[in-house]
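J.: Chains S and V supply the protein sequences, listed in that same order. Read the first sequence against my numbering and you will find it ends at 355, with the numbers running on by one and no gaps. Read the second sequence against my numbering and you will find it ends at 355, with the numbers running on by one and no gaps.
2 protein chains.
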Amino acid sequence: MNNKQLKLADLAKLAGVSTSTVSRALNDNPLIKKETRDKLKQLAKQHNFSLNTAASRLRSQKTNVVAVIINFDSGTEQSINDPFLLKVVGEINLALNKQGLELLLSNSFMAGDDWANYFINSRRADGIIVVGQGKDPTNIEAAAAAGVPLVVWGDPKTPSNYPIVGSDNFVGGRLATEHLLAAGAKKILFLGDPGHAEIGERYRGYLAAITTAKATPHVVSIDITSRAAYQGINQLLVEKGLCFDGIMACSDMVALGAMKALKERYISIPNDVALVGFDDIAMADISHPSLSSIKQNTQQASVILVEKLLAQLQGHSAESQVIEIELVNRQSSKR
Amino acid sequence: MNNKQLKLADLAKLAGVSTSTVSRALNDNPLIKKETRDKLKQLAKQHNFSLNTAASRLRSQKTNVVAVIINFDSGTEQSINDPFLLKVVGEINLALNKQGLELLLSNSFMAGDDWANYFINSRRADGIIVVGQGKDPTNIEAAAAAGVPLVVWGDPKTPSNYPIVGSDNFVGGRLATEHLLAAGAKKILFLGDPGHAEIGERYRGYLAAITTAKATPHVVSIDITSRAAYQGINQLLVEKGLCFDGIMACSDMVALGAMKALKERYISIPNDVALVGFDDIAMADISHPSLSSIKQNTQQASVILVEKLLAQLQGHSAESQVIEIELVNRQSSKR
DNA sequence: AAAATAATTGCAAACGTTTGCATAAAGTTC
DNA sequence: GAACTTTATGCAAACGTTTGCAATTATTTT
Numbered sequence: 021m022n023n024k025q026l027k028l029a030d031l032a033k034l035a036g037v038s039t040s041t042v043s044r045a046l047n048d049n050p051l052i053k054k055e056t057r058d059k060l061k062q063l064a065k066q067h068n069f070s071l072n073t074a075a076s077r078l079r080s081q082k083t084n085v086v087a088v089i090i091n092f093d094s095g096t097e098q099s100i101n102d103p104f105l106l107k108v109v110g111e112i113n114l115a116l117n118k119q120g121l122e123l124l125l126s127n128s129f130m131a132g133d134d135w136a137n138y139f140i141n142s143r144r145a146d147g148i149i150v151v152g153q154g155k156d157p158t159n160i161e162a163a164a165a166a167g168v169p170l171v172v173w174g175d176p177k178t179p180s181n182y183p184i185v186g187s188d189n190f191v192g193g194r195l196a197t198e199h200l201l202a203a204g205a206k207k208i209l210f211l212g213d214p215g216h217a218e219i220g221e222r223y224r225g226y227l228a229a230i231t232t233a234k235a236t237p238h239v240v241s242i243d244i245t246s247r248a249a250y251q252g253i254n255q256l257l258v259e260k261g262l263c264f265d266g267i268m269a270c271s272d273m274v275a276l277g278a279m280k281a282l283k284e285r286y287i288s289i290p291n292d293v294a295l296v297g298f299d300d301i302a303m304a305d306i307s308h309p310s311l312s313s314i315k316q317n318t319q320q321a322s323v324i325l326v327e328k329l330l331a332q333l334q335g336h337s338a339e340s341q342v343i344e345i346e347l348v349n350r351q352s353s354k355r
Numbered sequence: 021m022n023n024k025q026l027k028l029a030d031l032a033k034l035a036g037v038s039t040s041t042v043s044r045a046l047n048d049n050p051l052i053k054k055e056t057r058d059k060l061k062q063l064a065k066q067h068n069f070s071l072n073t074a075a076s077r078l079r080s081q082k083t084n085v086v087a088v089i090i091n092f093d094s095g096t097e098q099s100i101n102d103p104f105l106l107k108v109v110g111e112i113n114l115a116l117n118k119q120g121l122e123l124l125l126s127n128s129f130m131a132g133d134d135w136a137n138y139f140i141n142s143r144r145a146d147g148i149i150v151v152g153q154g155k156d157p158t159n160i161e162a163a164a165a166a167g168v169p170l171v172v173w174g175d176p177k178t179p180s181n182y183p184i185v186g187s188d189n190f191v192g193g194r195l196a197t198e199h200l201l202a203a204g205a206k207k208i209l210f211l212g213d214p215g216h217a218e219i220g221e222r223y224r225g226y227l228a229a230i231t232t233a234k235a236t237p238h239v240v241s242i243d244i245t246s247r248a249a250y251q252g253i254n255q256l257l258v259e260k261g262l263c264f265d266g267i268m269a270c271s272d273m274v275a276l277g278a279m280k281a282l283k284e285r286y287i288s289i290p291n292d293v294a295l296v297g298f299d300d301i302a303m304a305d306i307s308h309p310s311l312s313s314i315k316q317n318t319q320q321a322s323v324i325l326v327e328k329l330l331a332q333l334q335g336h337s338a339e340s341q342v343i344e345i346e347l348v349n350r351q352s353s354k355r
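Below, the structure is given as structure tokens:
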């Protein structure tokens, strides 16, 4: 670092113009003549100048920062290490950057309950992206009601006064289940907790397919972790034996947990039990047998999330939107 | 949001004191009488007040923000979706929060090459945590030379003028290899790119164990992705057949890719080929057979990273530090 | 009880931008 | 070439905190 940090005024003196001119030039304001703008920008680069964002934010009341909150339920073991959620965060980061926005990573611990206050009133960020609806929408609703620019990754069919972007979980659940039925499965388990918003929709999709096929639904309600899935399936096998021939898992991690329990008992996948997951994480392709899954287009979703947030920042409103999903057919469900 | 955003001055008027008093009270400055402090804090809470961080940062020249840069090599396919790197980011987030610091998530795309300038001069953050050394240390070195408070997650044995915190990769590589040798493997592959700092150390550990055992080293240099590993092993099997009986993989994702290639050809793990990974990600435990791995204590490392950054922020210096590692013995290497 | 000390609080000047308005320079029209 | 428009720049006032120093009040000492 230089012994003295350059500021706008210094740069202005160097160039023999006023600070306003430099400020406008660096912000590419067309009020300033093109040549002057270019000259000043080059000078800034030459001297390694960079604007003091604190001052800029104070004066302009804009931060160009978006807070991303990973929204865990307090009751779950699902952690910040959940690969799918982190993947979504990664994609959002990319999408934000492409719009010149920065990402303040946060969680319920840091932000407390009053998000409007913590992020917006304090000028930490201009808007909020919430990853995951969680079981309890209170905080989200409060923030939205306070007029905070806000978008949520979750189930877009949930009625809400804020835009939710996410996959069509109902259709996903139905597709997965129909696929299992088509593969010849008669007794298909739903593995996951229907109390959770997105998973609930998947469950209803499952239910729709099952009832259409006049089969009997069967839920094994567990936490969204592979460990819980492993234990759940293990216990079921111990207590009741192999009483099913298909599993629709609420996530890939859960599916992989189940897969392990089955493989340990030499239950063949897909011959004895056909298996479909949800999310299409990297591991789905690399597991053996590879895991059929409902692919969520997180990249597209992230771009749309950011677009909708941007719209709100510019005073427009935005609606929930469903992202297309796709069944990725792999070995775990092939008959 | 209220129609009028409360500021310090308003709160002061409400309480009948000066702004300085409120400011000090909220910052828990002992200059202010305890009762007054408590009273004012309560008043602030009551009115849902929160400080304007932009103003506060401008005046105090401190942001309480730490930039975290995920440092990818341009030549690799390793992406922001890499579960291990994201796990580290998650842990760092927790460790930062515990110290009242916030996390600005960034990457080389946003930050450009001049990190000192982009993050520090601009007052976006007080310090930087770099996740991953990458192949080219230029940017890191430049930032450190500029006097930026900086810590790096990487290989702590790398000579540097900035503190690096990370696992003892050499010992990890040696342990893993010795473990494979002890399991009876004679021809052990090293699967990974030794040109990368951390992986290079793992490779040298491997080499040390191999030469001590008077065996022959054999490197399959691939990118750090499971896909590359899958293809690499596949190709090797096609071209030369099963010419090895052990694999020391440079990461778990790589190991899992290799595992898939082996399983597809009905090569038994661990009987035909014993396999050890590195990182101990969640999937290691849930794969089948479960994957032996060198566990990196990312949580402890994150806490230490933050401590060392904090030390620098307070003007002290900090040294590189080695984090203990541990072999987690699972099925993939059992004989 | 005056003097000295300690404990509280207030005043006012920063921090470094951005931006409405005024001004100066250049170009256009009649 | 005067009057007007257009284009380019500068002036100076915010934005909402924090903090050195001064001022006030309460406490102790002599």
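We treat Cβ as the ideally placed atom computed from N, Cα and C, and that holds for glycine.
Would DSSP call D299 (chain V) helix, strand or coil?
T.: It is a strand residue.
J.: Which residue's Cα is closest to the Cα of I3 (chain V): V:N349, V:V172, V:T231 and V:L116?
T.: Nothing can be reported for residue 3 (chain V), as the shown portion of chain V is limited to 21 through 355.
J.: Which partner residues of S14 (chain S) appear in the DSSP bridge assignment?
T.: Nothing in the structure corresponds to residue 14 (chain S), since chain S is present only between 21 and 355.
J.: Could you give the DSSP three-state label for I289 (chain S): helix, strand or coil?
T.: Of the three classes helix, strand and coil, the one that applies to I289 (chain S) here is coil, per DSSP.
J.: So within the segment 207 to 264 of chain V, which uninterrupted alpha helix (DSSP H) runs reach at least 4 residues, ignoring any that extend past its ends?
T.: Runs found: 217 to 232 and 246 to 260.
J.: Using a cut-off of 9 Å between C-beta atoms, extract the partners of N113 (chain V) located in chain S.
T.: Those are I90, I100, L125, S126, N127 and M130, listed as they occur along chain S.
J.: Could you spell out where the alpha helix (DSSP H) holding Q354 (chain V) opens and where it closes?
T.: According to the sequence provided, residue 354 (chain V) is Lys. The question's Gln does not apply to it. Careful: K354 (chain V) lies outside any alpha helix (DSSP H) and carries neither H nor E.
J.: Which one of V:A196, V:S128 and V:S142 has the shortest CA to CA distance from N349 (chain V)?
T.: Cα-wise, what sits closest to N349 (chain V) is V:A196.
J.: Please look up how many angstroms separate the CB atoms of L123 (chain S) and L116 (chain S), rounded, as I've assumed it's under 8 Å.
T.: Yes, they are in contact, since the Cβ atoms of L123 (chain S) and L116 (chain S) sit about 5 Å apart, within 8 Å.
J.: Under 8 Å between C-beta atoms, does D134 (chain V) make it to chain S?
T.: By this cut-off, D134 (chain V) is an interface position.
J.: Span of the beta strand (DSSP E) holding A115 (chain V)?
T.: Not the beta strand (DSSP E): A115 (chain V) falls in the alpha helix (DSSP H), residues P103 to K118.
J.: Run through chain S and tell me which residues come within less than 8 Å of K283 (chain V), C-beta to C-beta.
T.: In chain order: H308.
J.: Between S:M303, S:F264 and S:S271, which has its C-alpha nearest I287 (chain S)'s C-alpha?
T.: Considering only alpha carbons, the answer is S:F264.
J.: Using only the alpha-carbon positions, how far apart do Q316 (chain S) and F298 (chain S) sit?
T.: Using only the alpha carbons, I get a separation of about 8 Å.
J.: Which residue comes first and which comes last in the alpha helix (DSSP H) that contains K18 (chain V)?
T.: Chain V is shown from 21 up to 355; residue 18 (chain V) falls before or after that span and cannot be answered.
J.: Quick check: is the beta carbon of Y286 (chain V) nearer than 8 Å to any beta carbon in chain S?
T.: Chain S contact via Cβ: absent.
J.: Just the chain S side, please: which residues come within less than 8 Å of P169 (chain V) by C-beta, in chain order?
T.: Those within 8 Å of P169 (chain V) in chain S number zero; the least Cβ separation is about 11 Å.
J.: Note down, in chain order, each residue of its chain lying with its Cβ closer than 7 Å to the Cβ of N22 (chain V), except the 5 sequence neighbours on either side.
T.: The predicted model places N22 (chain V) with a pLDDT of 42, which falls under 50 and marks its position as unreliable, so this point remains unresolved.
J.: Give, in chain order, every residue of the segment 140 to 159 of chain S whose Cβ lies closer than 8 Å to some Cβ of chain V.
T.: If the cut-off is 8 Å between Cβ atoms, the segment 140 to 159 of chain S has I140, N141, S142, R143 and R144 near chain V.
J.: Secondary structure at E346 (chain S), three-state DSSP: helix, strand or coil?
T.: DSSP places E346 (chain S) in strand when its eight states are reduced to three.
J.: For a test of the three-state rule: what should DSSP assign to S43 (chain V), helix, strand or coil?
T.: DSSP places S43 (chain V) in helix when its eight states are reduced to three.
J.: Assign Q332 (chain V) to buried or exposed, taking buried as 16 or more other Cβ atoms, counted over all protein chains shown, within 10 Å of its Cβ.
T.: It counts as buried.
J.: Hey, could you find the ends of the beta strand (DSSP E) V377 (chain V) is sitting in?
T.: Residue 377 (chain V) lies beyond the range of chain V shown here (21 to 355); nothing can be said about it.
J.: Is the beta carbon of V151 (chain V) sitting closer than 8 Å to the one on I160 (chain V)?
T.: Not closer than 8 Å, so no.
J.: Buried or exposed: which applies to Q334 (chain S), given that a residue is buried once 16 or more other Cβ atoms fall within 10 Å of its Cβ?
T.: Flag for Q334 (chain S) reads exposed.
J.: When the Cα of H308 (chain S) is compared with those of V:K283, V:I184 and V:G147, which residue comes out closest?
T.: Checked all of V:K283, V:I184 and V:G147; the closest Cα to H308 (chain S) is V:K283.
J.: Would you call the CB atoms of S246 (chain S) and M273 (chain S) closer than 8 Å?
T.: Result yes, Cβ atoms of S246 (chain S) and M273 (chain S) sit closer than 8 Å.
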